[in-house]
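Engineer: If you read the sequence shown in this note's numbering, its first letter stands for residue 29, the second for the next number, and so on. Every residue, glycine too, gets a C-beta built ideally from N, C-alpha and C. Mind looking over this structure? Questions follow.
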Amino acid sequence: MAKAVAHANIALVKYWGKRDAALNLPVAGSLSLTLDGLRTETTVERLGRGGEDEVRLNGELADAGARRRVQSFVDRVRAQASSQEAVRVESHNHFPTASGLASSASAFAALAGAACAAFGLERSEAELSVLARLGSGSAARSIFGGFARMQAGERADGQDAHAVPVASQIELGAVIGLVTGKAKAVGSTEGMNRTRETSPYDRAWIQTVERDLPAVEQALRSGDFDELARLTEGNCLAMHANGMAARPGLIYWAPATIALMHTVRSLRAGGVPTFFTIDAGPHVVAFCSPEAMAEIQSVFEKLEGVQEVRACRTGPGIQVEA
Ligand code: DP6
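Written out as structure tokens, the structure reads:
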């Protein structure tokens, strides 16, 4: 039996658009921070030929959709190992209860590591990142700890579309304000496809990402916190503006989302080093200097519509045990 542990990541420069749906290739790069608090542990056990795959998520048998997604991922690993053995996959998410957070990133990173180890495939981090991407685009970045940049790549087979680690002078924590509400209305895959097909702003969005990526890397390298704040918030708002301009428009925000954005900005105006980002859902992530985490957490906890607050520090890359 093989086991892998991976952590979720939150993007500062967002991935929102695919150039190839089958191979899950992004139109542009992206850049994220892996976080320690959001952990997935996955085991993969080979059951021999002729058996049936078994998929358990958080102790329960997976529903048909999740089972298919895991199986078709494992099929790729079986093909690489020239094996037809069935597997038992067990995955546990150590996430806040109100979640709706991007669990697919840590899930497919951990599954890539555990499945390769179970079938005796030795893979580099870049190769694991390529594989994880096939499960979920953001999972490619969770192979690495700290800051990671996803490369869009140019090859049609996607072998150069993987993440790489990024050096930084800036250390960040993240305080996540989980906003009350149901699971997100439109999933990332559907939302980004709709945006690409119908939003009049999509070209401008891709150009924005191509400008923001080197600028964010430069801000990290030189330790320019204010520039990082300006770029990250701008990129997040541009992604959401692009989604809102799709038809029908994507509105991921709830009232508390907007309250949290204003709160982060007024904290920053008052001298607290923090800035926000938002994924395809209502929750708000306040990136901040680690010293500011406790203060931001206590401010967030008092806001109406905030169900739970989770403070995370920088997380490690994938850990695999064969
Ligand atoms: C808004 O990785 O969930 O969180 O590749 O279709 O599985 P798929 O999409 P996914 O998209 C994440 C989108 C995002 C931005 C980001 O993490 O970069």
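1. Output the distance between the C-alpha atoms of Phe123 and Thr302, rounded to the nearest integer angstrom.
2. Go ahead and pull the three-state DSSP assignment for Arg67.
3. Using 8 Å as the threshold, is the C-beta distance between Arg249 and Ala195 below it?
4. Would Ile356 and Thr305 qualify as a contact pair, given that the criterion is a beta-carbon distance under 8 Å?
5. Please report the distance separating the alpha-carbon of Ala322 from that of Pro283.
6. Who does Gly141 pair with in a DSSP beta bridge?
7. My understanding is that His311 touches Gly205, with C-beta atoms under 8 Å, so please give their C-beta distance in whole angstroms.
8. If you draw a straight line from the C-alpha of Ala50 to the C-alpha of Ala160, how long is it?
9. Nearest to Leu162 by CA position, among Arg222, His190, Ala145 and His290, is which residue?
10. On the three-pair Cβ rule with 8 Å, is the stretch 212–229 touching the stretch 142–152?
11. Run through the DSSP bridge pairs and tell me what Cys340 is partnered with.
12. In terms of alpha-carbon separation, which member of Val83, Gly76, Glu118 and Asp91 lies closest to Gln112?
13. Among Gly299, Arg231 and Val55, which one has its Cα closest to the Cα of Asp266?
14. Determine the direct distance from the alpha carbon of Gln197 to that of Glu238, and round the result to whole angstroms.
15. Helix or strand or just coil, what does DSSP make of Leu265?
16. Could you pull the DSSP bridge partners for Ala176 from this structure?
17. Report buried or exposed for Asn263, applying the criterion of at least 16 other Cβ atoms within 10 angstroms of its Cβ.
18. Over the uninterrupted alpha helix (DSSP H) stretch that includes Thr302, give me the two end residues.
19. If I follow the unbroken alpha helix (DSSP H) through Asp103, where does it start and stop?
20. Using only CA atoms, which one of Val33, Pro54, Leu89 and Ala143 lies nearest to Ala184?
21. Starting from Phe328, follow the alpha helix (DSSP H) in both directions and report where the run begins and ends.
22. Comparing C-alpha positions only, which one of Glu245, Gly65 and Val203 sits nearest to Ser317?
23. Can you list, in chain order, the residues of its chain whose CB lies under 6 Å from that of Met29, leaving out five sequence neighbours each side?
24. Any chance the CB of Tyr229 is under 7 Å from a heavy atom of the ligand DP6?
25. Taking the continuous alpha helix (DSSP H) assigned at Asp230, which residues delimit it?
26. For the alpha helix (DSSP H) holding Asn221, just list the boundary residues, first then last.
27. At what residues does the alpha helix (DSSP H) containing Glu153 begin and finish?
28. Return yes when the Cβ of Val98 is within less than 8 Å of the Cβ of Leu63, no when it is not.
29. So the beta strand (DSSP E) His35 belongs to, where does it begin and stop?
30. Leaving out five residues on either side along the sequence, give the residues of the same chain with a beta carbon under 8 Å from the beta carbon of Ser131.
Structural biologist: In brief:
1. Taking the sequence shown and counting its residues from 1, one reaches residue 123 at position 95. Taking the sequence shown and counting its residues from 1, one reaches residue 302 at position 274. Rounded to whole angstroms, Phe123 to Thr302 spans 23 Å at the Cα level.
2. The residue labelled residue 67 in the question sits at position 39 within the sequence shown. Three-state result, Arg67: strand.
3. For this step, residue 249 is matched to residue 221 along the sequence shown. For this step, residue 195 is matched to residue 167 along the sequence shown. Yes, the Cβ-Cβ distance between Arg249 and Ala195 is below 8 Å.
4. Residue 356 lies beyond the residue range present for the chain, which begins at 29 and ends at 350; the question has no answer from this structure.
5. The residue labelled residue 322 in the question sits at position 294 within the sequence shown. The residue labelled residue 283 in the question sits at position 255 within the sequence shown. So the alpha carbons of these two residues sit roughly 24 Å apart.
6. Within the sequence shown, the letter at position 113 stands for residue 141. Looking at the DSSP output, Gly141 sits in no beta bridge, so it has no partner there.
7. As a working note, residue 311 is residue 283 in the sequence shown. As a working note, residue 205 is residue 177 in the sequence shown. The C-beta distance from His311 to Gly205 rounds to 6 Å, short enough to meet the 8 Å contact threshold.
8. Reading the sequence shown from its first residue, position 22 is the one you call residue 50. Reading the sequence shown from its first residue, position 132 is the one you call residue 160. Each residue's Cα considered, the two are about 14 Å apart.
9. Position 134 of the sequence shown holds residue 162. Among Arg222, His190, Ala145 and His290, the Cα nearest to that of Leu162 belongs to His190.
10. Taking 8 Å as the limit for Cβ pairs, the verdict is that the stretch 142–152 does not touch the stretch 212–229.
11. As a first step, residue 340 is located in the sequence shown; it is residue number 312 there, counting from the start. Ala202, per the DSSP bridge assignment.
12. Residue mapping note: residue 112 aligns to position 84 of the sequence shown, counting from 1. The candidate whose alpha carbon is nearest that of Gln112 is Gly76.
13. On the sequence shown, position 238 is the one that residue 266 refers to. According to the sequence provided, residue 266 is Ala. The question's Asp does not apply to it. Comparing Cα-Cα distances from Ala266 to each of Gly299, Arg231 and Val55, the minimum goes to Arg231.
14. On the sequence shown, residue 238 is found 210 positions in, with the first residue counted as 1. On the sequence shown, residue 197 is found 169 positions in, with the first residue counted as 1. Those two C-alpha atoms are separated by around 22 Å.
15. Walking along the sequence shown from the start, residue 265 turns up at place 237. Helix.
16. If you number the sequence shown from 1, residue 176 lands on position 148. Paired residues: Ser60 and Pro193.
17. Locating residue 263 in the sequence shown gives position 235, where the first residue counts as 1. Classification of Asn263: buried, given that the 10 Å Cβ count is 16 or more.
18. The sequence position of residue 302 within the sequence shown is 274, counting from 1. Note, Thr302: premise wrong, no alpha helix (DSSP H); beta strand (DSSP E) at Thr302 to Thr305.
19. Translated into positions along the sequence shown, residue 103 becomes position 75. Ala92 to Gln108 is the span of the alpha helix (DSSP H), which, as asked, contains Asp103.
20. The residue you call residue 184 lines up with position 156 of the sequence shown. Residue Pro54 is the option with its Cα nearest to Ala184.
21. For the purposes of this step, residue 328 is taken as residue 300 along the sequence shown, with counting starting at 1. According to the DSSP assignment, Phe328 belongs to the alpha helix (DSSP H) that extends over Met321 to Glu329.
22. For the purposes of this step, residue 317 is taken as the residue at position 289 of the sequence shown. Among Glu245, Gly65 and Val203, the Cα nearest to that of Ser317 belongs to Val203.
23. On the sequence shown, residue 29 is found 1 positions in, with the first residue counted as 1. Cβ-Cβ distances below 6 Å link Met29 to Thr71 and Glu73 in the same chain, with the five nearest sequence neighbours on each side left out; the list follows chain order.
24. The residue labelled residue 229 in the question sits at position 201 within the sequence shown. Answer for Tyr229: no, Cβ out of range of the ligand DP6.
25. Working through the sequence shown from its first residue, we reach residue 230 at position 202. Taken as a continuous stretch (DSSP letters only), the alpha helix (DSSP H) holding Asp230 covers Asp230 to Ser250.
26. Locating residue 221 in the sequence shown gives position 193, counting from the first residue. Asn221 -> alpha helix (DSSP H) spans Ser216 to Thr226.
27. Here residue 153 refers to the residue found at position 125 of the sequence shown. Counting along the chain, the alpha helix (DSSP H) containing Glu153 begins and ends at Glu153 to Gly163.
28. Here residue 63 corresponds to residue number 35 of the sequence shown, with the count starting at 1. Here residue 98 corresponds to residue number 70 of the sequence shown, with the count starting at 1. Against a cut-off of 8 Å, the Cβ pair of Val98 and Leu63 comes out as no contact.
29. Here residue 35 refers to the residue found at position 7 when the sequence shown is read from its first residue. From DSSP, the beta strand (DSSP E) with His35 extends over Ala30 to Val41.
30. As a working note, residue 131 is residue 103 in the sequence shown. Same-chain partners within the cutoff: Ala36, Leu66, Thr68, Asn121 and Phe123.
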